[in-house]
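Protein chains in written order, with full-length UniProt numbering: chain A, 1 to 259; chain B, 1 to 372. Glycine is no exception: its CB is placed at the ideal position from the N, C-alpha and C atoms.
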Amino acid sequence: MLTISGHQFSSRLFTGTGKFNHSTTMLNSIKESQSELVTLAMKRVDFNTGLDDILAPLQQLGVKLLPNTAGARNAKEAIFAAELAHEMLATKWIKLEIHPDPKYLMPDPIETLTAAKALCDKGFIVLPYIHADPVLCRKLEDVGCAALMPLGSPIGSNQGLATETFLKIIIEQANVPVVVDAGIGAPSQACRAMEMGADAVLVNTAIASSAKPEIMAKCFKQAVESGRQAYLAGLGDVTTNANNTSPLTGFLNTSITGG
Amino acid sequence: MFSTQFNQLDIADLSLTLYSSTAKDVEKALLNPTGNLKSLMALLSPAAVPYIETMAQMSAQLTRQRFGSNLGLYLPLYLSNLCANECDYCGFTMSNKIKRKTLNEAEILAEIKVIKSRGFDSILLVSGEHETKVGIEYFSKMLPLIKQHFNYLALEVQPLTTVGYQTLVSQGLDAVMVYQETYQPMTYAKHHTRGKKQDFNYRLNTPDRAAQAGVEKVGLGVLLGLDDWRLDALLMGHHLAYLEQKYWQTRYSISLPRLRPCTGGIQPKVLMTDLGLVQLICAFRLLNHQLDISLSTRETPELRENLLPLGITNLSAGSSTQPGGYVEPNSQLDQFEISDERSVETMVEVMKKQGFNPVFKDWQGEWTAHSC
């Protein structure tokens, strides 16, 4: 079981709510994924009219909600979004996302660390979305973040684990769960992240933008499970040479047997 | 400022190169279109016409990956049709003998009531260009009143100063739309014969001023048909590339209005066909994956439906282009005639039927105010 801040999850696949064409598709996909933690953008939730088509169905589904601060361009805006989430959704869990760059939506490490500290001090359970930067991860852990969410590649790009080298260092060093977030475009990539020892992955675009989101959600579920099992079973070492069962010194064994 | 860079461009040479593009140039451009102005040139050229289906496929796929099924909905709110400019293509032009009207607070609130009842949360404030009667004083008086009702507020009025934009940003202004109409100075001078709008460079530098003032999104546009649209679009691409490079924290959008009939108006110099419009939308999507592309009610219902998957990200529905037009339609103060008169409910159904998710709310207004 995966535990984040005392909360247990049997599924290691986290999902999102953006980009779906219909709330029914979104709900069916989440069901197929068996995800228990689902993120949603606070900027999109309409608390005033009560006509929101994202929040109400999710609450009915019974998954744990992870509100996010997408759209925030600095620490102040993100803190405001987290407080709004706490007030409206009665949760202290927050996925901290700060991207001042509207082109590649790159997370801002400086503002994220500032906001993470402020929010942790206020008792929030902070899951920051960040570059795969091992030092930043150390610092975020130091200020009290409950998990780390380094990116595999630019958000929504489906480029997979472009940051693999750094993800490995982060996974090796972290004392809190590591959730690989952003850029995972195929089940095989999610599987790879889990084989490397990631505690979980978050996938949204690859499911929501698929022609058949429900099927894709199920594929990701299976890939994450396989990857986790493979990690636990222990993958063989990768070597450059073939490692056959008849090494050069085999004749010695033969002679011993023969002698 | 962009005018410095723009004035160094050899427009005649660009035009020549654009029209000399070959099928080979287009094929090369399709392999490397992102952020590449040379590729944009080829994709806007007549040589790209046989490749429009390929461009449309790529554009639709890129748009879906970036924006998912989301399509943003907004509505224009016309505040005034007073104008101190003479522009021969516009219904608000100064010499036009139409009833002039500027909304007061009570009238604005009445309009907002209708707009809110239709579910909109993103508003585009529009006016003619009348510096003394509908200037920064008027806008800064009305903006806080309007912002209370909308999370996202955009402005399409005369170019303002950097300080003017800063004032409005502190009151909740999110976006500024300022269209150059044409990037070809001779044509510009021909169509703008009186008023401040005659100053080509001041208008050209308006996106710089808005971005410097911290406006979140800046919208560019050309009035397609005033001159050669391929060349105008290419020059707009240069403008966009300059802005993105310089103001990396700003978001950008483009609008692609075609010249429409209006009271006392002119006929387009260069006719822009539906095929041309598709080529233009797709070329810009291939250039820039994250660009907001807006579709107006100037286009017919059939065309709008067909354009939806090709790269569009935002559209209006049930628009009125006259001050006070939501409370009292048909008062004949329109800026231009709209072609798609369907209500927002109908449009929402159309969008859903095509597999799109209509998005009314995409921002939380207090966040911006809080960060000031």
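- By the Cβ rule, the stretch 104-120 of chain B does not count as touching the stretch 87-96 of chain B, because fewer than three pairs are nearer than 8 Å.
- One finds F80, L84 in chain A with Cβ atoms closer than 9 Å to the Cβ of E366 (chain B), taken in chain order.
- The continuous beta strand (DSSP E) containing N68 (chain A) extends over residues 64-68.
- Q290 (chain B) reaches chain A at P102, K103, counting residues in chain order whose Cβ is nearer than 7 Å.
- Contact between the stretch 96-115 of chain B and the stretch 203-223 of chain B is absent: fewer than three C-beta pairs spanning the two stretches fall below 8 Å.
- Annotated three-state conformation of I4 (chain A) is strand, per DSSP.
- In the assembly as shown, D199 (chain A) is a buried residue. Its beta-carbon has 16 or more other beta-carbons within 10 Å.
- Sorting B:I11, B:N96, B:L16, B:T161 by C-alpha distance to the C-alpha of I266 (chain B) places B:N96 at the top.
- For F120 (chain B), no chain A residue has a C-beta closer than 8 Å to its own C-beta; the minimum C-beta separation is roughly 11 Å.
- Between T39 (chain A) and K95 (chain A), the CB-CB gap stays under 8 Å.
- For M26 (chain A), the enclosing alpha helix (DSSP H) has its first and last residue at 23-33.
- Here G68 (chain B) is actually not in contact with S11 (chain A); their C-beta atoms are around 23 Å apart, not less than 8 Å.
- DSSP places S80 (chain B) in the uninterrupted beta strand (DSSP E) bounded by 70-80.
- For F14 (chain A), the beta-bridge partners assigned by DSSP are A:L202.
- The beta carbon of P109 (chain A) lies closer than 7 Å to those of I130, H131, D133, L136 in the same chain, with the five residues before and after it left out.
- H289 (chain B) and T63 (chain B) have their C-alpha atoms some 7 Å from each other.
- Annotation for Q5 (chain B): Y242 place their beta carbon closer than 7 Å to its own, counting only its chain and skipping 5 residues before and after.
- With contacts defined by Cβ atoms closer than 8 Å, S320 (chain B) and Y78 (chain B) form a contacting pair.
- Check the Cα spacing between V201 (chain A) and each of A:K117, A:G234, A:L151: the tightest is with A:L151.
- Looking from the CA of L37 (chain B), the closest CA among B:V49, B:V350, B:V218, B:L18 belongs to B:L18.
- No Cβ of chain B is located within less than 8 Å of the beta carbon of M88 (chain A).
- With contacts defined by Cβ atoms closer than 8 Å, V176 (chain A) and C145 (chain A) form a contacting pair.
- Listed along chain A is no residue with a C-beta nearer than 9 Å to that of K246 (chain B); the closest approach is about 13 Å.
- Here N85 (chain B) is near H192 (chain B), since their CB atoms are less than 8 Å apart.
- Residues of the stretch 4-26 of chain A with a C-beta atom less than 8 Å from some C-beta of chain B are G18, K19, F20, N21, H22, listed in chain order.
- Counted as a single uninterrupted DSSP element, the stretch harbouring H238 (chain B) is not any beta strand (DSSP E) but the alpha helix (DSSP H) occupying residues 229-246.
- When DSSP states are grouped into helix, strand and coil, S3 (chain B) belongs to the helix group.
- The beta carbon of E131 (chain B) lies closer than 8 Å to those of A84, Q158, K196 in the same chain, with the five residues before and after it left out.
- Taking a contact to require three or more Cβ pairs closer than 8 Å, the stretch 132-150 of chain B and the stretch 162-176 of chain B qualify as touching.
- A distance below 7 Å between beta-carbons, with the five flanking residues on each side excluded, links M1 (chain B) to the following residues of its chain, in chain order: N205, D208.
- Put simply, the backbone Cα of R66 (chain B) is about 6 Å away from that of G156 (chain A).
- If you draw a 10 Å sphere on the C-beta of G325 (chain B), you find 16 or more other C-beta atoms in it, and that means buried.
- G355 (chain B) counts as exposed, since fewer than 16 other beta carbons sit within 10 angstroms of its beta carbon.
- Assignment of N357 (chain B) by DSSP, reduced to helix, strand and coil, places it in the strand class.
- In this structure, L307 (chain B) and G237 (chain B) do not form a Cβ contact; the two beta carbons are roughly 19 Å apart against a cut-off of 8 Å.
- For E225 (chain A), the uninterrupted alpha helix (DSSP H) segment begins and ends at 213-233.
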